[in-house]
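In the UniProt record's numbering, the protein residues as written are 1 to 638. Even for Gly, the Cβ is constructed at its ideal location relative to N, Cα and C. One structure is given here, and the rest of the page talks about it.
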């Protein structure tokens with residue numbers, strides 16, 4: 001880190017705070033507009049104001065057409081690497097533009113126009129990225145639902161978004177199984193009161209699906225026919241305030257919460273972040289190891305790298321098991337990846353299987369320069385392990401489905417700031433992050449409280465929920481007037497660094513003491529035998545709540561679990577103190593997680609508290625919850 005980095009960040013943040021309109025007007029110059037913005041922010045529009053209200057542009061044009069027009073049509077736009085199918089493919093910007101424009105014409109032939117919704121239910125294949133861009137091209141609003149999502153949950157999203165067309169694949173492919181998507185889709189449509197007019201189905205050789213006559217079309221047949229006829233849809237002129245997509249937040253019950261993303265503000269924020277936060281240049285290979293079903297995939301697999309003119313890497317595989325814990329190092333070496341963005345849980349999985357990174361030996365990672373982490377709190381032990389193994393900066397950053405890009409980060413493009421373990425570093429321009437108490441009063445540095453962002457939110461953040469303005473205001477703006485509620489808890493230190501210690505419901509009250517489960521997890525993760533862990537608060541008649549720690553031990557030979565559990569109890573008492581009342585560490589084979597890698601602490605707590613619980617739709621493997629319940633019963637807890 002140099003002083004220049006700190007000063008460049010300070011200058012950028014101060015510049016934004018002094019004159020937000022001038023800051024975002026300058027950032028907007030990175031976008032190719034059909035009509036550039038004259039008004040930067042309208043405080044009277046929408047729920048809390050709208051960005052670039054008079055600007056006109058198109059996201060697909062900025063992601064594909066402008067790069068081809070600039071003479072870069074032969075540059076790689078997308079690299080597809082699928083260890084589960086043994087397939088690799090590279091699409092240039094020119095090829096991707098042609099495929100996307102053709103698919104967009106197919107959608108138009110199916111009656112899709114500006115403002116219509118299109119639901120995308122697909123795995124990590126290039127066609128899925130083209131599907132999202134084709135919708136953006138003609139002004140349709142896409143809603144991507146994670147491939148393989150349960151039929152009941154898929155049906156609620158069909159009913160809420162009311163898609164005219166559904167784009168689907170016949171199946172998804174896991175390391176040891178094929179997941180038939182088409183039967184799930186058919187069941188969801190039968191359950192939904194809203195029926196799509198058409199479904200376009202990509203038939204995969206590993207598991208074709210039966211087509212419903214009169215409703216379903218074969219993807220390849222339709223696209224080939226359109227291409228043979230020379231069809232290709234042009235880019236529609238879209239207002240910057242027009243919706244680009246709806247993304248449903250995970251774990252919702254009842255009527256789903258559809259986060260709306262606008263067109264113009266999103267382009268500006270993503271372009272700024274690729275340059276200044278991630279430090280990526282056009283033509284470089286950027287790999288986000290996520291899925292298009294999540295916000296990370298929307299922003300940093302699909303839109304941001306292509307808007308910048310970088311090469312995005314689409315990976316259909318796992319960090320371990322496809323074929324082993326060296327998969328990430330193979331991909332980085334083979335494709336010349338300069339930066340990887342993944343979740344801490346992926347690193348913990350690799351660390352558990354290959355703690356000494358023996359599978360990295362002999363790999364040439366000389367072009368690789370930064371590892372970015374997000375999606376959940378990056379425990380210091382995992383960050384230190386990754387730093388030691390990779391010899392590059394390991395940069396945690398924090399954001400949400402709702403914000404679309406980072407609230408707090410270490411802006412590598414401006415110059416790396418000092419890394420503080422446990423912190424995603426500092427607020428990005430646009431985010432006035434504050435810590436407040438229950439009465440919305442700011443608290444002193446170092447004091448735990450609710451993390452909020454002063455309104456207005458910056459470009460790229462949600463302007464509302466789909467057809468639910470009142471619910472948006474109630475969910476995010478009502479509790480702390482004048483602020484956006486992140487629902488995360490934490491503190492700011494004396495240097496202005498943000499420390500996110502967990503969701504506000506992860507702060508437990510032990511005999512009147514507010515304690516962070518994230519702080520206890522940090523201690524447990526520091527034990528040399530622990531691969532990953534989770535701490536929850538369990539109901540207690542005397543203290544209100546007491547902490548219970550679940551730990552997964554590293555693979556290989558080790559001492560007896562009960563011996564390690566006793567050490568962990570002592571470790572928490574030593575580091576946090578008796579006030580934590582930490583007396584229970586429980587060894588389990590694995591932790592229940594969503595497909596994005598987030599640990600289902602809330603469901604674990606319900607099991608421990610004897611509360612009614614159901615299997616969340618987003619869970620990766622429902623059998624893990626039964627294992628957790630069995631272990632807790634053995635201990636006399638559940």
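Taking one beta carbon from each stretch, the segment 423–442 and the segment 485–496 have 3 or more pairs nearer than 8 Å; the two touch. Sequence-distant Cβ neighbours of residue 340 in its own chain, meaning closer than 6 Å and more than five residues away, are 287 and 371.
As DSSP reads the structure, residue 434 sits in a beta bridge with 452.
Cβ-Cβ separation between residue 91 and residue 77: approximately 6 Å, consistent with a contact (criterion under 8 Å).
In this structure, DSSP gives residue 206 a state outside helix and strand, which the three-state scheme calls coil. The three-state reading of DSSP puts residue 219 in helix, counting H, G and I together. Per DSSP, the unbroken alpha helix (DSSP H) holding residue 130 starts and ends at 126–138. Residue pairing by DSSP places residue 618 opposite no residue, since no beta bridge is assigned to it.
Just so you know, the alpha carbons of residue 23 and residue 278 end up roughly 19 Å apart.
The segment 255–268 makes contact with the segment 457–464, as at least three CB pairs between them are under 8 Å.
Looking at the DSSP output, residue 545 sits in a beta bridge with 539. Within the same chain, 118, 120, 132, 135 and 245 come within 6 Å of residue 142 by CB-CB distance, once the 5 residues on both sides are set aside. Cβ neighbours of residue 624 within its own chain (closer than 6 Å, five residues either side excluded): 590 and 592. CA-CA distance, residue 476 to residue 46, rounds to 14 Å. A straight-line Cα-Cα distance of about 11 Å links residue 610 and residue 633.
Only residues of its own chain outside the window of five on either side were considered, and among them 101, 104, 105, 108, 137 and 138 have a CB closer than 7 Å to the CB of residue 233, listed in chain order.
Of the residues assessed, residue 324 falls on the exposed side of the cut-off, its CB having fewer than 16 other CB atoms within 10 angstroms. Look at the segment 223–290 and you find these whole runs of beta strand (DSSP E), each 3 residues long or longer: 243–248, 258–262 and 285–288. Assigned with DSSP and collapsed to three states, residue 576 falls in coil, not helix or strand. At a Cβ-Cβ threshold of 8 Å, residue 200 and residue 151 do not count as neighbours. Each residue's CA atom was taken as its position, placing residue 408 and residue 429 some 9 Å apart.
When DSSP states are grouped into helix, strand and coil, residue 114 belongs to the coil group. Residues of the same chain with a CB within less than 6 Å of the CB of residue 305, apart from the 5 flanking positions on each side, are 286 and 312 in chain order.
In the pairwise beta carbon analysis, the segment 517–528 is classified as touching the segment 374–388: at least three pairs are separated by under 8 Å. Under the DSSP assignment, residue 441 falls outside any beta strand (DSSP E); it carries neither an H nor an E label. The Cβ neighbour count for residue 358, taken over all protein chains shown within 10 Å, is under 16; the residue is labelled exposed.
With three or more CB-CB distances shorter than 8 Å, the segment 178–192 counts as touching the segment 152–159. With a beta-carbon spacing of about 7 Å, residue 406 and residue 398 fall inside the 8 Å limit used to define contacts.
Each residue's CA atom was taken as its position, placing residue 603 and residue 272 some 37 Å apart.
Residue 41 sits in a strand when the DSSP states are folded into three classes.
Taken through DSSP and simplified to helix, strand or coil, residue 503 comes out as strand.
Looking at the DSSP output, residue 56 sits in a beta bridge with 35 and 239. For the set 499, 464 and 431, the Cα lying nearest the Cα of residue 421 is the one of 499.
In the same chain as residue 414, and ignoring 5 residues on each side of it, the C-beta atoms closer than 7 Å to its own belong to 5, 8, 9, 12 and 276, in chain order. Excluding five sequence positions before and after residue 196, the CB atoms of its chain that fall closer than 8 Å to its own CB belong to 119, 158, 163, 164, 165, 166, 189 and 215, given in chain order. The distance from the Cβ of residue 303 to that of residue 63 is about 6 Å, consistent with a contact at the 8 Å cut-off.
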